[in-house]
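The sequence shown begins at 1498 in my numbering and counts up by one. Each residue gets a CB set at the ideal place from its N, CA and C atoms; glycine is no exception. No experiment lies behind these values; they were computed from the predicted model shown.
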Amino acid sequence: MTRKVQRLFHFCVAHHGGSSMQAWRDLGKVLIVAAVFAACFDLLAKVIGFDSPWLGLLLMFYFMALAGMAEPWFAVRMPLALRPVNPRNGAYRWFGVRTFGALLRNTPLRYLNGSVYLADDRRSIAKLSRRVESSEAIHFWAALGFTPYIAYTLSRALYLEAVLFLMVQLVVNIYPILHLRIVRARLDRIGRNGIPLA
C-alpha cells in the first residue's frame, strides 16, 4: 500500500509542474475539500433525505469543483469521438453561444474559471489549450452525471424541479461546453497559423 501511495505521489509531482512541497500542499487542499464536501453531503442528506433530487445538483457542483482543483495532476478528457470540433455550424450562432461567450468574457462571470483566459505571454497558449479542453471535459462529464437526476425528477412527477434542473444543465454545462468548443477551435487555428503552441 505504501508503494502505491509513493507512486501516486511521484506521478502527481511529475504532472504538477511545481516543487514536491507545493504538490503536497495542493494535494492536501484537494483531500481536505473532498472531506468537507463528503461531510456536508452526509449532513444535508440526513436532513432532506437520500432520495432527494437536490443531492444530484450538489454532487454535480462537487464533482466540478474537485475536478477543477485536481487539474494540475489530472486532466479530465473528453471521449475520443467528441474531441474534434467544428463550431462553424450555424447552430452555434442560432442558439446564441457566441453571445453567451461574450457575456462570460465581459462580466464578473469570467472569474468563475479564470484559468481559461490567455495571459499576455503568447507561450501560454499551449497551457491554455489544455485547460480549455479539460474545462470542456469537466462540464461534459458533469452534464452526463447530472442527466439521470433530471430523469429521476421527471419519473417522480417533480416537474418544477425538472424544469429548473434542465435550466441549470443548459446554463452550467451545455452552453459552457459549446462556448469552450469555439474557443478550442480558435486556439487550433492560432496553432496552425504558425504561432507555436509550446
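C-beta contact flag for residue i and residue j at 7 Å
| i | j | result |
| --- | --- | --- |
| Val1573 | Ser1631 | yes |
| Ala1682 | Pro1584 | yes |
| Pro1550 | Tyr1672 | no |
| Leu1600 | Glu1633 | no |
| Leu1540 | Ser1626 | no |
Residue i versus residue j: straight-line alpha-carbon distance, rounded
| i | j | result |
| --- | --- | --- |
| Phe1571 | Lys1526 | 15 Å |
| Ala1695 | Ile1622 | Confidence in Ala1695 is poor, its pLDDT being 44 and thus under 50, which makes the residue's placement unreliable; the coordinate value appears in the next sentence. Whole-angstrom Cα-Cα distance: 7 Å. |
| Arg1595 | Leu1552 | 32 Å |
| Gln1666 | Phe1643 | 8 Å |
| Leu1641 | Ile1635 | 10 Å |
| Val1680 | Pro1605 | 19 Å |
| Leu1657 | Phe1547 | 19 Å |
| Thr1650 | Tyr1608 | 31 Å |
| Phe1637 | Leu1554 | 15 Å |
Contact test: residue i Cβ vs the ligand SAM heavy atom, cutoff 6 Å
| i | result |
| --- | --- |
| Arg1585 | Absent from the structure shown: the ligand SAM. Ligands present: none. |
Integer-rounded CB distance, given that residue j should sit under 8 Å from residue i
| i | j | result |
| --- | --- | --- |
| Leu1563 | Val1530 | 7 Å |
| Tyr1589 | Leu1675 | 6 Å |
Cβ neighbours of residue i in the same chain (closer than 6 Å, five flanking residues each side left out)
| i | result |
| --- | --- |
| Ala1639 | Met1557, Phe1560, Met1561 and Asn1670 |
| Gly1587 | none |
Cβ shell of residue i (< 7 Å), same chain only, five flanking positions each side left out
| i | result |
| --- | --- |
| Ala1542 | Leu1552 |
Close beta carbons around residue i, own chain, < 8 Å, minus the five adjacent residues each side
| i | result |
| --- | --- |
| Ile1545 | Trp1551 and Leu1552 |
Within-7 Å CB hit, residue i to chain D
| i | result |
| --- | --- |
| Phe1538 | You won't find chain D in this structure, because it holds only one protein chain. |
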